[in-house]
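Visitor:
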Amino acid sequence: MWSRWKLLNLSRRFVNYKPWRWRSNAACDRALEYKVGDKIHGFTVSQVTPIPDLFLVAVKLGHDSTGAKYLHVAREDANNLFSVQFRTTPMDSTGVPHILEHTVLCGSQKYPCRDPFFKMLNRSLATFMNAFTASDYTLYPFSTQNSKDFQNLLSVYLDAVFFPCLRELDFWQEGWRLEHENPSDPQTSLIFKGVVFNEMKGVFTDNERIFSQSLQNQLLPDHTYSVVSGGNPLDIPDLSWEQLKQFHATHYHPSNARFFTYGNLPLEQHLRQIHEEALNKFQKIEPNTAVPAQKLWERPREYHVMCGPDKFATDPTKQTTIGVSFLLPDITDIFESFTLNLLSSLLIDGPNSPFYKALIESGLGTDFSPDVGYNGCTREAFFSVGLQGIADKHVETVKQIITKTIDDVIEKGFEDDRVEALLQKIEIQMKHQSTSFGLALSSYIASCWNHEGDPIELLNLGNQVTHFRKCLKENPNFLQEKVKQYFKNNQHRLTLSMNPDEKYYEKQVQMETEKLKQKVDSLSMTEKLHIYEKGLELQDLQSKPQDATCLPALKVSDIEPTISHTELDTALAAGEIPVQYCAQPTNGVVYFRAFSNLNTLPEELRPYVPLFCSVLTKMGCGIYDYREQAQQIELKTGGMSASPHVIPDDSDLDMYEQGVLFSSLCLDRNLSDMMHLWSEIFNNPHFEDEEYFKVLVKMSAQELSNGIPNSGHLYASVRASRTLSPAGDLLETFNGMDQVRLMKRVAEMSDIKPILRKLPRIKKHLLNCDNMRCSVNAAPQQISQAGKEVENFIKSLGRSKKERKSVRPHVIEKPVDGNLLNGPQMTRKLITDPTFKPCQMKTHFILPFPVNYVGEGVRTVPYTHPDYARLKILAHLMTAKFLHTEIREKGGAYGGGAKLSSNGIFTFYSYRDPNSIQTLQSFEKAVNWAKSGKFTETDIEEAKLSVFSVVDAPVAPSDKGMDRFLHGLSHEMKQAHREQLFGVNHEQLISVSNKYLRIGQSTRGLAILGPENMNIDKDPSWVIR
34 MWSRWKLLNL SRRFVNYKPW RWRSNAACDR ALEYKVGDKI HGFTVSQVTP IPDLFLVAVK
94 LGHDSTGAKY LHVAREDANN LFSVQFRTTP MDSTGVPHIL EHTVLCGSQK YPCRDPFFKM
154 LNRSLATFMN AFTASDYTLY PFSTQNSKDF QNLLSVYLDA VFFPCLRELD FWQEGWRLEH
214 ENPSDPQTSL IFKGVVFNEM KGVFTDNERI FSQSLQNQLL PDHTYSVVSG GNPLDIPDLS
274 WEQLKQFHAT HYHPSNARFF TYGNLPLEQH LRQIHEEALN KFQKIEPNTA VPAQKLWERP
334 REYHVMCGPD KFATDPTKQT TIGVSFLLPD ITDIFESFTL NLLSSLLIDG PNSPFYKALI
394 ESGLGTDFSP DVGYNGCTRE AFFSVGLQGI ADKHVETVKQ IITKTIDDVI EKGFEDDRVE
454 ALLQKIEIQM KHQSTSFGLA LSSYIASCWN HEGDPIELLN LGNQVTHFRK CLKENPNFLQ
514 EKVKQYFKNN QHRLTLSMNP DEKYYEKQVQ METEKLKQKV DSLSMTEKLH IYEKGLELQD
574 LQSKPQDATC LPALKVSDIE PTISHTELDT ALAAGEIPVQ YCAQPTNGVV YFRAFSNLNT
634 LPEELRPYVP LFCSVLTKMG CGIYDYREQA QQIELKTGGM SASPHVIPDD SDLDMYEQGV
694 LFSSLCLDRN LSDMMHLWSE IFNNPHFEDE EYFKVLVKMS AQELSNGIPN SGHLYASVRA
754 SRTLSPAGDL LETFNGMDQV RLMKRVAEMS DIKPILRKLP RIKKHLLNCD NMRCSVNAAP
814 QQISQAGKEV ENFIKSLGRS KKERKSVRPH VIEKPVDGNL LNGPQMTRKL ITDPTFKPCQ
874 MKTHFILPFP VNYVGEGVRT VPYTHPDYAR LKILAHLMTA KFLHTEIREK GGAYGGGAKL
934 SSNGIFTFYS YRDPNSIQTL QSFEKAVNWA KSGKFTETDI EEAKLSVFSV VDAPVAPSDK
994 GMDRFLHGLS HEMKQAHREQ LFGVNHEQLI SVSNKYLRIG QSTRGLAILG PENMNIDKDP
1054 SWVIR
């Protein structure tokens, strides 16, 4: 996967500015026993540092004979993580590090089978497995809660990166190749194919990516940052197999490697395995991969880039993007980076920040330019600010506003409350327990460590906050001076502008055609014959049954037979509203949620519920205007949000619950303030400020439009399911292309008052306690106080004078947990439509992209039906054993597969796919394959492991009990489903394939997002949008 890692702002997420009491635990105690100079399995300990703020001990080591660097973070967390990263610094845009990242995972000396990486997804209980190519490093991380699994995955990863096969056919498949359109027919045209080639074509359909990539290339033009590490589609065909192998030899060496392990497994075990299986086979070299410092400019520069038109732009005449970027110091200067990161937040985050006031509220554009803020993923960091969605004539105005805002900040500085709110936010986000803490740490330290920065100093954030406070205290102008130094007086400044060209994609196709012609014209008859024969060889290889017995695997017997029980209590607040309490070790953070259903809301208001949710906590409430409200939310909470939900019933596909989930979190000392804010938002929300409402609408519309290239397969899947169940239409209204189009229309309106007037009407139906339930997750000692605060909140809410009737006549009340014997019962009011009949619909959304996103949905059964577990296993089986080969390996799409959603819709999908109709045919072939039963008991066992790795994924303390609260799933129902999954067999899988997936058996829907297609145009059964 190609990823321009945005720095994971650990300074925002994991800092605490008060010293914490050390909490002893076995993993940390074990690590504290190491001493500097200790020799362990070829490694020498160089540093042991406890970091009490994060409940961890960091141990730094070096490998004696190769110089490989190693950091171990001991923490009492069972979700153990490993990663290895290499500094990869390409000097051209052929995508060599990216294609190498794909190709090393296609087989190795010890595991020579094809694609061991994807096969391990089904032989493991990994909670995370992936690989990332950044601008200057490649990272290979995995995590798992099972120690045997950890050793298995470590063995596969070590062999993949250090001893890969790097076969020519794997390079052809994953990188690029010339191949006949139909590989079996040499009369068909030769075309470019390859997974990375198509992935990068898809990447650059995203205008934000085009802007971000150009920004980095132009701001840092002297070395590796001047090229596209992921690969420019027009340059990828210049990469040879020999160059790929050479890049591996010079970059994938232990002397150029950094190893990271995290969790509660013993360090010695990791060191022994890494030394014995990999490092003892190497000697030290000088890798010569360092990135030199960028030479500073004497004067600012400007650059212009073109992009494709945005079909969903709110105003077609306003599609220009302008950004001003400033080069900052080396990211290995950790305190300076910390300070500039915080300064960036003060400058751009939220409606009280100077650039938000000056740029967003100017009405000139729709949102900040891409990559806004501090970016620390290159050797020297940079800060960028600007606007997108502006008219060409306003470019100079925006530049002047940016200059003036910098001058204003130097003169006036920042309010103390804003700095305090940011530090309070840091404290909450550090205390909040994530299930992927190890992965967050690994990616957070990657860039700094990559350039010889000290990862332990980077993690020791308490010291940095203390230092920051000291600097502010000693010099009240500390931050203004930084603004003057790095923004006002900085000559290394790039002004980047981007405009759409109506013929952009046409020109891209033309350039690709010319490149192809150049390649084909240079071929001799012998070379053409070789290409044809290699194409047949690759097709033959892809179609052969694959023997994966060389790979290590867990067994289904390694999976826990039962799920652990989560203790939940229910009580009535104010004598009427059910509240679920879940006592958890939450580090002094309280999590509050409320769910309110939409049953009484008039039909014509339903499309506007997502917009209502988006603006509800942003327009002011009670005595606070929108700026004051934002300040209070930052000072007193870790965030407050509302989101629409369509929740399927567990036993009937034609029943669902519709509503809005309100969520927030805060430190226990601020609970009363947070609940008071909710009272004000529910009772006295502000819906009067027409100008600010326009700003929020434009931002929301822009965000939806920008999200299509990365989420096209999700939009296709939602659309395909639209007519398959009563909930499908509402899902499309809330989350589908219908919502994207609606927001575009609203943002285009010259008079927005009619939309604004809908918000108080929605409020009447939603913001009361007529149809509400609440939940609290907090530490045991905080539950009692939380109960009192929720009680006060409920008492403050309005009630309808007379009971409102549901708009839909058929409402069924259903207890959340039918097995509950004690305490009050929580009920859900579900909608049903006895007249509903599923029907087929085929939709093609024409978008100016060179790739497709394909979705097909089939109506099956609900969660509690025994066939649901069988279909779930079948989806994983079809993905791993058939669709991956057909859609990715043969078809060249970046991704594709099958999944069973909680709403009982069995979905086939593909992502960044050069094909469309061919992919639909692959879906049909997959069904025929499943019906034929051409899979083994081992295949079924692997599919079960794959399913259980998701079912048993770790759940954060903040989310415990949510299955019951939102979906009505009791412990007993989940255990019954678990037993059904264990019991799935060969015969049942063939049976459900025939019963539900056979063409003509169940109702299905189809949707494609992508370029014009002549075959679809000729077929009257398709709706073209």
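Those letters in the sequence shown? Residues 34 to 1058, per our numbering, in order.
Using N, Cα and C, we set each Cβ at its ideal position, and we do this for glycine too.
Every value quoted in this text rests on a predicted model; they were computed, and no experiment measured them.
(1) Which residue from Asp97, Thr177, Gly888 puts its Cα closest to that of Arg755?
(2) With Pro299 and Arg63 assumed to form a contact (beta carbons below 8 angstroms), what rounded beta-carbon distance in angstroms separates them?
(3) Within the present structure, is the beta-carbon of Gly937 separated from the nearest heavy atom of the ligand FAD by less than 7 angstroms?
(4) For Lys964, which residues of its own chain have a beta-carbon under 8 angstroms away from its beta-carbon, when the five flanking residues on both sides are left out?
(5) Alpha carbon to alpha carbon, how far is Leu455 from Leu379? Give it in angstroms, no decimals.
(6) Buried or exposed: where does Arg562 fall if 16 or more other Cβ atoms within 10 Å of its Cβ makes it buried?
(7) Mind checking whether Asp255 and Gln327 have CB atoms under 8 angstroms apart?
(8) If you follow the alpha helix (DSSP H) that His284 is part of, which residue opens it and which one closes it?
(9) By Cβ distance below 8 angstroms, which residues in the same chain neighbour Pro763 in space, the five residues on each side in sequence not counted?
(10) Starting from Trp1055, follow the beta strand (DSSP E) in both directions and report where the run begins and ends.
(11) Using DSSP bridges, identify the partner residues of Met732.
(12) Given a cut-off of 8 angstroms, decide if Leu199 and Glu212 are closer than it, judged by their beta-carbon atoms.
(13) On the DSSP bridge list, what partners appear for Arg861?
(14) Roughly how many whole angstroms lie between the Cα atoms of Pro1044 and Asp771?
(15) If Tyr641 and Ile785 are in contact, beta carbons under 8 angstroms, what's the gap, nearest whole angstrom?
(16) What residues in its chain sit with their C-beta under 6 angstroms from that of Arg46, if we drop five residues either side in the sequence?
(17) Tell me the DSSP secondary structure of Phe915 in three-state form.
(18) Could you give the first and the last residue of the continuous beta strand (DSSP E) run that contains Phe76?
(19) How would you call Met874, buried or exposed, if buried means at least 16 neighbouring beta carbons within 10 angstroms?
(20) Taking all protein chains shown into account, decide if Lys923 is buried (16 or more other Cβ within 10 angstroms of its Cβ) or exposed.
(21) Cβ of Ala616 within 8 angstroms of Cβ of Thr650?
(22) How about Val324 and Thr257: are their beta carbons less than 8 angstroms apart?
(23) Would you say Phe292 and Tyr67 are within 8 angstroms of each other, going by their C-beta atoms?
(24) Just checking my contact of Lys181 with Leu587 at CB under 8 angstroms: how many whole Å lie between their CB atoms?
(25) Which of the three DSSP states, helix, strand or coil, is assigned to Tyr103?
(26) Taking the alpha carbon of Glu970 as the point to measure from, which residue in His135, Val1017, Asp71, Leu737 has its own alpha carbon closest?
(27) Does the beta-carbon of Met782 have 16 or more other beta-carbons within 10 angstroms, so that it is buried, or is it exposed?
(28) For Pro899, which residues of its own chain have a beta-carbon under 7 angstroms away from its beta-carbon, when the five flanking residues on both sides are left out?
(29) Take Gly446 and list the residues in its own chain whose beta-carbon comes closer than 6 angstroms to its own, dropping the five residues that flank it on each side.
(30) Taking Cβ to Cβ, would you say Leu549 is nearer than 8 angstroms to Phe225?
(31) How many whole angstroms separate the CB atoms of Gln497 and Phe645, which I take to be in contact at a CB cut-off of 8 angstroms?
(32) Taking buried to mean at least 16 other C-beta atoms within 10 Å of its own C-beta, is Val1056 buried or exposed?
(33) How would you label Ala59, buried or exposed, when you count the other beta carbons within 10 angstroms and need 16 or more for buried?
(34) Quick check on the burial criterion: 16 or more other C-beta atoms within 10 angstroms. Buried or exposed for Gln954?
(35) How big is the Cα-Cα spacing for Gln220 and Tyr565?
(36) Since Trp489 and Gln80 are thought to touch, with beta carbons under 8 angstroms apart, how far apart are those beta carbons, to the nearest angstrom?
Guide: By the coordinates alone:
(1) Gly888
(2) Contact between Pro299 and Arg63 is confirmed by a C-beta separation of about 7 angstroms, below the 8 angstroms threshold.
(3) The ligand FAD is absent from the structure shown, which contains no ligand whatsoever.
(4) Ile1023, Ser1026, Asn1027, Leu1030, Arg1031
(5) Rounded to the nearest angstrom, the gap between the Cα atoms of Leu379 and Leu455 is 8 angstroms.
(6) What sits at residue 562 in the sequence shown is Leu, not Arg. That one is exposed.
(7) Contact flag set, yes.
(8) Here the alpha helix (DSSP H) through His284 covers 274-284.
(9) The sequence given here places Leu at residue 763; Pro does not occur at that position. Result list for Leu763: Arg639, Val679, Tyr689, Gln691, in chain order.
(10) 1055-1057
(11) DSSP lists no partner for Met732.
(12) The Cβ atoms of Glu212 and Leu199 do not sit closer than 8 angstroms to each other.
(13) In the DSSP output, where bridge partners are listed per residue, Arg861 has Lys847.
(14) 19 angstroms
(15) Tyr641 to Ile785, Cβ: 12 angstroms. No contact.
(16) Because Arg46 carries a pLDDT of 28, less than 50, the predicted location of this residue cannot be relied on, and the following value inherits that uncertainty. So the qualifying residues of the chain are Gln462.
(17) helix
(18) For Phe76, the uninterrupted beta strand (DSSP E) run begins and ends at 76-84, by DSSP.
(19) buried
(20) The residue in question, Lys923, is buried, as its Cβ has 16 or more Cβ neighbours within 10 Å.
(21) no
(22) yes
(23) No, the pair does not count as a contact, with Cβ atoms beyond the cut-off.
(24) 7 angstroms
(25) strand
(26) Checking every option, the nearest Cα to that of Glu970 belongs to Val1017.
(27) exposed
(28) Gln1013
(29) Gln513
(30) yes
(31) Taking C-beta atoms under 8 angstroms as the contact rule, Gln497 and Phe645 fail to qualify, at a distance of about 40 angstroms.
(32) Taking every protein chain shown into account, the CB of Val1056 has fewer than 16 other CB atoms within 10 angstroms, so this residue is exposed.
(33) exposed
(34) exposed
(35) 10 angstroms
(36) It should be pointed out that residue 489 corresponds to Ile in this sequence rather than to Trp. Contact flag correct, Cβ pair sits at about 6 angstroms.
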